[in-house]
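The opening residue of the sequence shown carries number 12 in this note's numbering; numbering runs sequentially from there. Notes follow once the structure below has been shown.
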Amino acid sequence: RRIDNQLRGRSGRQGDPGSSRFYLSLEDNLLRIFASDRVAGLMQKLGMEKNEAIEHPWVTKAIENAQRKVEAHNFDIRKNLLEFDDVANDQRKVMYGWRNELMAAEDVSATLKDMSTEVLEQTIDPYIPPQSLEEQWDVAGLEQTLEKEFGLRLPVGAWLEADHDLHEEPLRARIHAELEQVYADKEALVGAPWMRQFEKAVLLQVLDAHWREHLAAMDYLRQGIHLRGYAQKNPKQEYKR
């Protein structure tokens with residue numbers, strides 16, 4: 012009835028003299044799903060024709076009951092969505108906190124350096140495992156990956172042939188030094204102020220792209236989380252995990 016009252020207010024006289032009459036149809040989805048059989052039965056008992064106006068307290072009460080069922084159903088849907096959205100809201104606060112810090116920062120080069128160092132280590136590990144022997148290294152694969160992912164054409168194999176004392180840790184340090192030198196050369200080419208702006212723009216783009224992907228993944232998870240109920244688990248608790 013709350014929705015009906017809104018419709019009356021929007022489509023009625025709105026203060027003008029006269030009177031308004033509000034009509035409901037049994038073909039409306041609300042009545043067809045929640046009260047069609049009951050109202051149709053009442054119409055037959057009362058001897059009403061198909062196109063005759065329905066004006067009887069019993070019919071009115073049946074329609075009101077159907078409306079209450081719809082409102083209760085819609086309330087449960089909104090409540091359920093709100094409980095699921097609480098999880099996304101907590102994550103949204105964290106993400107927006109990161110983004111606001113990034114927007115307020117004048118220089119993000121230190122953050123970018125930490126990230127590049129971590130990513131470079133993760134790139135090296137599959138080809139030069141920590142605490143491994145040189146015979147276990149995939150030097151050719153490392154050279155290809157460094158060129159593909161970082162644009163670094165480093166002759167790692169030639170370094171090892173020229174220096175037999177170049178073990179794992181010194182080799183990693185040399186690769187990092189080469190990356191830092193290439194980055195410093197690019198900064199000298201475009202200038203520090205432009206480089207700072209570019210770094211900030213790239214980080215914002217990456218953060219926003221990953222956030223959009225995360226939201227899409229969360230929505231996909233939410234659509235199928237009810238299936239956890241078949242395993243005797245609470246879908247909402249599973250989603251919050």
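C-beta atoms are modelled at their ideal positions from N, C-alpha and C, and glycine is treated no differently. In this text, all values refer to a predicted model and were calculated from it rather than measured experimentally.
Fewer than three pairs of CB atoms, one per stretch, sit closer than 8 Å, so the segment 184–193 makes no contact with the segment 87–95. Residue range 167–173 is occupied by the alpha helix (DSSP H) that includes residue 168. Counting C-beta atoms within 10 angstroms of its own C-beta, residue 107 has fewer than 16 neighbours from the protein chains shown and is therefore classed as exposed.
Under the criterion of beta carbons closer than 8 Å, residue 185 and residue 205 do not qualify as touching, at roughly 29 Å. Shown here, residue 235 sits in a helix according to DSSP, grouped into three states. In the structure shown, residue 118 adopts coil according to DSSP, grouped into three states.
Here the segment 199–217 lies against the segment 117–132, with 3 or more beta-carbon pairs under 8 Å apart. With distances taken between CA atoms, residue 111 lies nearest to 215 out of 215, 220, 234 and 131.
In the displayed model, residue 74 falls within a helix according to three-state DSSP.
Contact between residue 134 and residue 160 holds: their C-beta atoms lie close to 6 Å from each other, under 8 Å. The beta carbons of residue 168 and residue 150 sit closer together than 7 Å. A straight line joining the alpha-carbon of residue 164 with that of residue 113 spans about 32 Å.
It is roughly 42 Å from the alpha-carbon of residue 148 to the alpha-carbon of residue 103.
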